[in-house]
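J.:
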Amino acid sequence: MGDFFKWSRVWEYFPKILSKFPITLEIVLGSFAIGLVLGSIIALIKINKIPVLCQLGSIYISYIRGTPILVQLFIAYYGIPVFVNSVLHIDVNGWDKMVYVYMAYGFNQAGFLAEIIRGAIISVDAVQTEAGYSVGMTGAQTFFRIVLPQATRIALPPMGTTFITLFRSTALAYMLGIMDIMGKAKNLGVTTFHTLEGYVDATIIFVITSIILEQIFNLLNKRLDYGKGRVVKQRKEVAAK
Amino acid sequence: MIEIRDAKKAFGKNEVLKGVSLKVDTGDVVVILGPSGSGKTTLLRCLNFLERADAGTLIIGDEEVNLHKPSRKQILSVRRKTAFVFQNYGLFNNKTALQNITEGLIVARKVPKAEAIKKAEEVLEWVGLLDKRDYYPSQLSGGQQQRIGIARAVALDPEVILFDEPTSALDPELVGEILEVIKNIAKKGITMVVVTHEMNFAKDVASKVIFMDEGVVVEEGTSDEIFLAPKEERTRQFLKRIIPPEYII
Amino acid sequence: MNIDYEYFKLYLKYGISYLPNTLYMTLISLVFGVVLGSGIAIVRTYKVKVLNPIFTLLLATLKAVPTNLIMVMSSIIFTRNFINITKVLGINMKLREFNMLYLASFALVLTSVAMISESIRGALLSVPKVQYDAGYSIGLTKTQNFFRIILPQAFLVMLPSMMSNVISLIKMTSLASTLGVMDVLNGCLQKSGTSYRFLEAYLAAALIYWVISIILELIGKLLEKKLNVYRKQAL
Chain A
0 MGDFFKWSRV WEYFPKILSK FPITLEIVLG SFAIGLVLGS IIALIKINKI PVLCQLGSIY
60 ISYIRGTPIL VQLFIAYYGI PVFVNSVLHI DVNGWDKMVY VYMAYGFNQA GFLAEIIRGA
120 IISVDAVQTE AGYSVGMTGA QTFFRIVLPQ ATRIALPPMG TTFITLFRST ALAYMLGIMD
180 IMGKAKNLGV TTFHTLEGYV DATIIFVITS IILEQIFNLL NKRLDYGKGR VVKQRKEVAA
240 K
Chain Y
0 MIEIRDAKKA FGKNEVLKGV SLKVDTGDVV VILGPSGSGK TTLLRCLNFL ERADAGTLII
60 GDEEVNLHKP SRKQILSVRR KTAFVFQNYG LFNNKTALQN ITEGLIVARK VPKAEAIKKA
120 EEVLEWVGLL DKRDYYPSQL SGGQQQRIGI ARAVALDPEV ILFDEPTSAL DPELVGEILE
180 VIKNIAKKGI TMVVVTHEMN FAKDVASKVI FMDEGVVVEE GTSDEIFLAP KEERTRQFLK
240 RIIPPEYII
Chain P
0 MNIDYEYFKL YLKYGISYLP NTLYMTLISL VFGVVLGSGI AIVRTYKVKV LNPIFTLLLA
60 TLKAVPTNLI MVMSSIIFTR NFINITKVLG INMKLREFNM LYLASFALVL TSVAMISESI
120 RGALLSVPKV QYDAGYSIGL TKTQNFFRII LPQAFLVMLP SMMSNVISLI KMTSLASTLG
180 VMDVLNGCLQ KSGTSYRFLE AYLAAALIYW VISIILELIG KLLEKKLNVY RKQAL
């Protein structure tokens with residue numbers, strides 16, 4: 000029983016588990032990118048109220064928000080091959096497991112990001128669009144130069160939260176046999192019969208990374224404030240010189 | 000020269016414009032008066048296609064545009080010949096004072112950047128806010144924001160500037176400074192259409208006053224004609240309510 | 000597409016039969032979450048000395064660690080020390096007699112506390128300072144002011160985020176299946192091993208969770224509407 004947990008093993012395993020951190024990071028960044036693209040498309044469909052697609056979008060969002068990511072993960076793993084095989088007639092035998100992980104987490108993010116993006120865009124005051132039109136900009140120019148930057152600002156804090164949630168939820172990817180932080184922690188346990196230490200290492204990595212991510216988002220938030228304080232400060236500094 | 004013929008607009012069952020015609024000559028300062036809900040703001044917004052009229056024609060310069068079914072090209076062309084000053088300033092929240100002015104020049108009118116900045120600094124200086132060039136709207140007072148809104152319109156060098164109640168969102172003590180700025184534009188000979196509740200401003204500056212009520216032009220004339228000798232009963236009633244008796248000469 | 004509807008229906012039935020366990024775990028984590036979360040939220044909102052920094056650190060950790068990781072670690076510690084625990088408590092019980100549902104609930108409570116205390120804190124912070132001043136100005140004590148003025152207002156703000164917390168908790172209970180707890184997910188999966196009809200089993204589980212979430216969301220909207228009516232009448 001005394002051999003059950005040892006700090007020395009925590010230190011011994013740490014570099015081995017940390018070496019799998021890039022895999023976790025890959026999953027997070029890859030699926031966030033997929034989610035951002037797909038989520039933006041769904042958001043635009045819903046804002047422009049495109050018939051049929053709009054309703055499908057709502058059902059999709061409801062499904063993503065209403066079911067556990069664990070279930071979504073396995074539906075992607077078992078369901079996508081069936082779908083791709085029978086509908087698209089493509090052989091999936093050679094596909095890497097990571098493909099399903101990206102898809103599961105990416106589709107999941109799309110559901111959450113779509114709502115955030117939609118909310119942010121419609122919360123930008125209509126006058127901003129009108130002002131863009133009034134100085135002679137086209138619809139696209141107004142959207143990309145005026146509305147989108149302001150919407151991004153609004154969407155940033157909730158996006159930060161979903162990003163950190165996504166990071167935590169990747170701790171389930173090992174169930175498909177992915178060798179990420181969790182996968183390695185489990186694997187070390189199986190080969191050495193000392194399971195707890197590896198999980199403690201994983202915990203440490205999750206906590207530190209979450210804190211770092213939170214700081215990054217806080218910094219971004221402050222940077223992108225469109226003048227709530229920043230310019231005045233700069234001016235004062237210039238004046239002081 | 001700008002002409003509007005028979006502009007009509009309804010929101011659901013509510014007919015806001017029941018066939019409005021209007022002529023603005025180059026260098027005119029047209030002030031549109033009328034009680035709230037008379038359709039004056041809607042008329043102005045239809046001119047810039049911020050609102051789509053149900054019927055009517057707009058002639059601006061040598062271009063004739065159907066107010067109901069304009070082509071995309073026509074909308075852009077009209078918007079690039081006009082400028083709009085908003086009631087709530089309508090400054091781009093994500094752009095500095097300077098960028099608010101250069102945006103329309105660089106992006107919409109393809110003016111070279113250096114030239115656009117020079118122009119923007121000029122107009123900022125003119126409204127007395129050059130020192131605020133790098134400030135964001137959130138850091139400026141309402142009066143300052145509206146001065147930049149006006150500077151933005153002037154910098155575009157449009158054929159006409161449309162003012163939509165430019166002082167009604169401001170604190171009373173700031174109204175004067177904005178009206179002063181608008182008066183200075185009038186002196187430059189720029190064509191303007193101004194929707195406002197400021198009677199004294201209308202008296203001093205307008206070359207033509209239009210009184211609207213319930214979606215129609217009730218009466219139009221010079222400021223003397225409207226204020227000193229209104230012909231229509233509705234105009235008289237309106238002026239009586241708005242202007243305290245001692246001011247009616 | 001190659002989906003066997005009969006198996007889907009069968010697994011759906013199995014899954015639904017274990018719904019009570021899923022709801023039970025949700026209830027446990029909700030109740031403990033609200034009780035402990037309120038305490039932590041009050042400490043953090045009003046910056047109680049000593050406790051505030053401790054709880055802040057604790058929450059930051061709990062929010063960062065994946066729930067399934069908490070679950071797996073507590074199960075390792077618990078099962079390895081099970082004999083000692085029973086000795087200390089003076090009960091005679093074998094490990095396989097112990098219902099892992101409670102262990103899963105323990106891990107869920109930890110996450111739930113972090114989640115719920117954040118919603119409560121957000122709601123408390125949303126009450127404007129002038130509401131406190133107004134209460135004090137008519138001579139209410141701190142406690143009176145909190146329970147009579149601040150809490151009722153915060154409650155209205157809290158409702159939507161609380162409803163989404165409950166939905167999150169229900170979804171999170173599915174992690175208990177990794178400890179072998181017979182919940183909705185494991186119920187759906189229990190016979191899929193022999194038929195290799197995994198997709199049908201997971202689809203059945205998804206449908207059950209989805210329907211519960213939709214029902215909860217509707218209840219939340221209804222409640223909000225009702226409360227908003229009161230608010231408007233009060234105005």
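Chains as they are written, first to last, in numbering that gives the first Met the number 0: chain A, 0 to 240; chain Y, 0 to 248; chain P, 0 to 234.
Positions of the beta carbon are idealized from the N, C-alpha and C atoms, including for glycine.
Just so it is clear, the structure is predicted and the values come from calculations on it, not from any experiment.
Any C-beta of chain A sitting closer than 9 Å to the C-beta of lysine 239 of chain Y?
T.: Stepping through the second sequence from its first residue, residue 239 of chain Y is reached at position 240. So, not an interface residue.
J.: Pairs of beta-carbons, one from the stretch 83-101 of chain Y and one from the stretch 142-157 of chain Y, closer than 8 Å: are there three or more?
T.: Yes, since at least three Cβ pairs between the stretch 83-101 of chain Y and the stretch 142-157 of chain Y fall closer than 8 Å, the two stretches touch.
J.: In whole angstroms, what is the alpha-carbon distance linking leucine 223 of chain A and lysine 93 of chain P?
T.: Within the first sequence, numbered from 1, the residue matching residue 223 of chain A stands at position 224. Within the third sequence, numbered from 1, the residue matching residue 93 of chain P stands at position 94. Their Cα atoms are separated by approximately 58 Å.
J.: Give the list of continuous alpha helix (DSSP H) stretches no shorter than 4 residues that lie fully inside the stretch 152-192 of chain P.
T.: Segments of the alpha helix (DSSP H) lying fully in the stretch 152-192 of chain P: 183-188.
J.: What residues in the stretch 146-157 of chain A bring their beta carbon closer than 8 Å to a beta carbon of chain Y?
T.: Going along the stretch 146-157 of chain A in chain order, one finds Pro148, Gln149 and Arg152 with a Cβ nearer than 8 Å to chain Y.
J.: Along chain A, in chain order, which residues have C-beta atoms closer than 7 Å to that of valine 42 of chain P?
T.: The residue given as residue 42 of chain P occupies position 43 in the third sequence. Neighbours of valine 42 of chain P on chain A: none; closest Cβ ~21 Å, over 7 Å.
J.: Just to confirm, is the Cβ distance from threonine 141 of chain A to threonine 128 of chain A under 9 Å?
T.: Against the first sequence, residue 141 of chain A aligns to sequence position 142. Against the first sequence, residue 128 of chain A aligns to sequence position 129. Closer than 9 Å, so yes.
J.: Please identify the residue among Y/Arg78, Y/Ala115 and Y/Ala9 whose C-alpha is closest to the C-alpha of leucine 161 of chain Y.
T.: One-based indexing of the second sequence puts residue 161 of chain Y at position 162. Checked all of Y/Arg78, Y/Ala115 and Y/Ala9; the closest Cα to leucine 161 of chain Y is Y/Arg78.
J.: DSSP three-state label for asparagine 183 of chain Y, please.
T.: As a first step, residue 183 of chain Y must be located in the second sequence, where it is residue number 184. Helix at asparagine 183 of chain Y.
J.: Using a Cβ-Cβ distance cut-off of 9 Å, determine whether glycine 243 of chain A contacts chain Y.
T.: In this structure chain A extends from 0 to 240, so residue 243 of chain A is not present and cannot be described.
J.: Please list the residues of the stretch 173-206 of chain A that have a C-beta atom closer than 9 Å to any C-beta atom in chain P, keeping them in chain order.
T.: Answer set for the stretch 173-206 of chain A: Met174, Met181, Ala184, Lys185, Gly188, Thr194, Leu195, Tyr198, Val199, Ala201, Thr202, Phe205 and Val206.
J.: Go to threonine 41 of chain Y, then tell me how far its alpha helix (DSSP H) extends in each direction, as first and last residue.
T.: Numbered from 1 along the second sequence, position 42 holds the residue referred to as residue 41 of chain Y. Run containing threonine 41 of chain Y: 39-46, per the alpha helix (DSSP H) assignment.
J.: Work out the CA separation of glutamine 149 of chain A and glycine 226 of chain A for me, nearest whole Å.
T.: By 1-based counting over the first sequence, the position of residue 226 of chain A is 227. By 1-based counting over the first sequence, the position of residue 149 of chain A is 150. Straight-line Cα distance between these residues: approximately 12 Å.
J.: Tell me arginine 4 of chain Y's beta-bridge partners as DSSP assigns them.
T.: As a first step, residue 4 of chain Y must be located in the second sequence, where it is residue number 5. Looking at the DSSP assignment, arginine 4 of chain Y forms a beta bridge with Y/Thr56.
J.: Could you check which residue in P/Asn144, P/Leu109 and P/Leu58 has the C-alpha nearest to that of phenylalanine 31 of chain P?
T.: In the third sequence, the residue the question calls residue 31 of chain P occupies position 32. Checking every option, the nearest Cα to that of phenylalanine 31 of chain P belongs to P/Leu109.
J.: Just to check my reading of the structure: threonine 23 of chain A and isoleucine 180 of chain A have Cβ atoms closer than 8 Å, yes? What is that Cβ distance to the nearest angstrom?
T.: Position 24 of the first sequence, counted from the first residue, corresponds to residue 23 of chain A. Position 181 of the first sequence, counted from the first residue, corresponds to residue 180 of chain A. Confirmed, Cβ separation roughly 5 Å.
J.: Between the stretch 184-199 of chain P and the stretch 125-138 of chain P, do at least 3 Cβ pairs fall closer than 8 Å?
T.: The answer is no - the stretch 125-138 of chain P does not touch the stretch 184-199 of chain P, with fewer than three Cβ pairs under 8 Å.
J.: For threonine 194 of chain A, which residues in the same chain have their Cβ closer than 7 Å to its Cβ, ignoring the five residues on either side in sequence?
T.: Here residue 194 of chain A refers to the residue found at position 195 when the first sequence is read from its first residue. If we look at threonine 194 of chain A and ignore the five residues flanking it on each side, its Cβ neighbours are Gly188.
J.: Can you list, in chain order, the residues of its chain whose CB lies under 8 Å from that of alanine 32 of chain A, leaving out five sequence neighbours each side?
T.: Position 33 of the first sequence, counted from the first residue, corresponds to residue 32 of chain A. Correct list, in chain order: Gly105.
J.: Counting Cβ pairs closer than 8 Å, one from the stretch 164-177 of chain Y and one from the stretch 189-205 of chain Y, do we hit at least three?
T.: Yes: at least three Cβ pairs fall under 8 Å.
J.: Strictly below 7 Å CB to CB, what residues from chain A border threonine 60 of chain P?
T.: The residue you call residue 60 of chain P lines up with position 61 of the third sequence. Within chain A, the residues near threonine 60 of chain P are Val206.
J.: Three or more C-beta pairs under 8 Å: does that hold for the stretch 71-79 of chain A against the stretch 201-217 of chain P?
T.: As far as the Cβ criterion goes, the stretch 71-79 of chain A touches the stretch 201-217 of chain P, which means the pair count is three or higher.
J.: Are there 16 or more other CB atoms within 10 angstroms of the CB of leucine 234 of chain P, so buried, or fewer, so exposed?
T.: The sequence position of residue 234 of chain P within the third sequence is 235, counting from 1. With a pLDDT of only 45 at leucine 234 of chain P, under 50, the local geometry of the prediction cannot be trusted, and the value read off the model is given with reservation. Leucine 234 of chain P comes out exposed.
J.: Taking only beta-carbon positions, decide if glutamate 114 of chain Y is within less than 9 Å of chain A.
T.: For the purposes of this step, residue 114 of chain Y is taken as the residue at position 115 of the second sequence. Output row for glutamate 114 of chain Y: interface = no.
J.: With the cut-off set at 9 Å, would you say methionine 136 of chain A and glycine 89 of chain Y are in Cβ contact?
T.: Against the first sequence, residue 136 of chain A aligns to sequence position 137. Against the second sequence, residue 89 of chain Y aligns to sequence position 90. No, these two residues do not count as a Cβ contact at 9 Å.
J.: Please report the distance separating the alpha-carbon of valine 9 of chain A from that of glycine 197 of chain A.
T.: For the purposes of this step, residue 9 of chain A is identified with residue 10 of the first sequence, where counting begins at 1. For the purposes of this step, residue 197 of chain A is identified with residue 198 of the first sequence, where counting begins at 1. Going from the Cα of valine 9 of chain A to the Cα of glycine 197 of chain A covers about 7 Å.
J.: Just the Cα atoms here: how many angstroms apart are lysine 72 of chain Y and arginine 43 of chain P?
T.: Here the question's residue 72 of chain Y lines up with position 73 in the second sequence. Here the question's residue 43 of chain P lines up with position 44 in the third sequence. So the two alpha carbons sit approximately 58 Å from each other.
J.: Any Cβ of chain P within less than 9 Å of the Cβ of proline 50 of chain A?
T.: Here residue 50 of chain A refers to the residue found at position 51 when the first sequence is read from its first residue. Not closer than 9 Å to any Cβ of chain P, the Cβ of proline 50 of chain A fails to qualify, so no.
J.: Within the continuous alpha helix (DSSP H) that includes aspartate 179 of chain A, where are the two ends?
T.: Start at 1 with the first residue of the first sequence, and residue 179 of chain A comes out as number 180. Here aspartate 179 of chain A belongs to no alpha helix (DSSP H), and DSSP marks it neither H nor E.
J.: Measure the alpha-carbon distance for isoleucine 68 of chain A versus valine 146 of chain A and round it to whole angstroms.
T.: Position 69 of the first sequence, counted from the start, is the residue given in the question as residue 68 of chain A. Position 147 of the first sequence, counted from the start, is the residue given in the question as residue 146 of chain A. Between isoleucine 68 of chain A and valine 146 of chain A, the C-alpha separation is close to 32 Å.
J.: Quick check: tyrosine 135 of chain Y and asparagine 92 of chain Y, are their CB atoms within less than 9 Å of each other?
T.: As a first step, residue 135 of chain Y is located in the second sequence; it is residue number 136 there, counting from the start. As a first step, residue 92 of chain Y is located in the second sequence; it is residue number 93 there, counting from the start. Their beta carbons are under 9 Å apart, which means tyrosine 135 of chain Y touches asparagine 92 of chain Y by this criterion.
J.: Pull the bridge partners of isoleucine 160 of chain Y from the DSSP assignment, please.
T.: In the second sequence, counting from the first residue as 1, residue 160 of chain Y sits at position 161. Per DSSP, Y/Ala82 and Y/Met191.
J.: Under 7 Å Cβ-Cβ, which residues of chain P neighbour tyrosine 77 of chain A?
T.: Position 78 of the first sequence, counted from the start, is the residue given in the question as residue 77 of chain A. Phe197, Leu198 and Tyr201, listed in chain order.
J.: For a minimum of 3 consecutive residues, which ranges assigned as the beta strand (DSSP E) are wholly contained in the stretch 110-184 of chain Y?
T.: List check, beta strand (DSSP E) in window: 159-163.
J.: Looking at chain A, is there any beta carbon in it that lies within less than 9 Å of the beta carbon of tyrosine 6 of chain P?
T.: Against the third sequence, residue 6 of chain P aligns to sequence position 7. Chain A, which has no Cβ nearer than 9 Å to the Cβ of tyrosine 6 of chain P, makes this no.
J.: Taking buried to mean at least 16 other C-beta atoms within 10 Å of its own C-beta, is arginine 240 of chain Y buried or exposed?
T.: As a first step, residue 240 of chain Y must be located in the second sequence, where it is residue number 241. By the neighbour-count rule (16 or more Cβ atoms within 10 Å), arginine 240 of chain Y is not buried but exposed.
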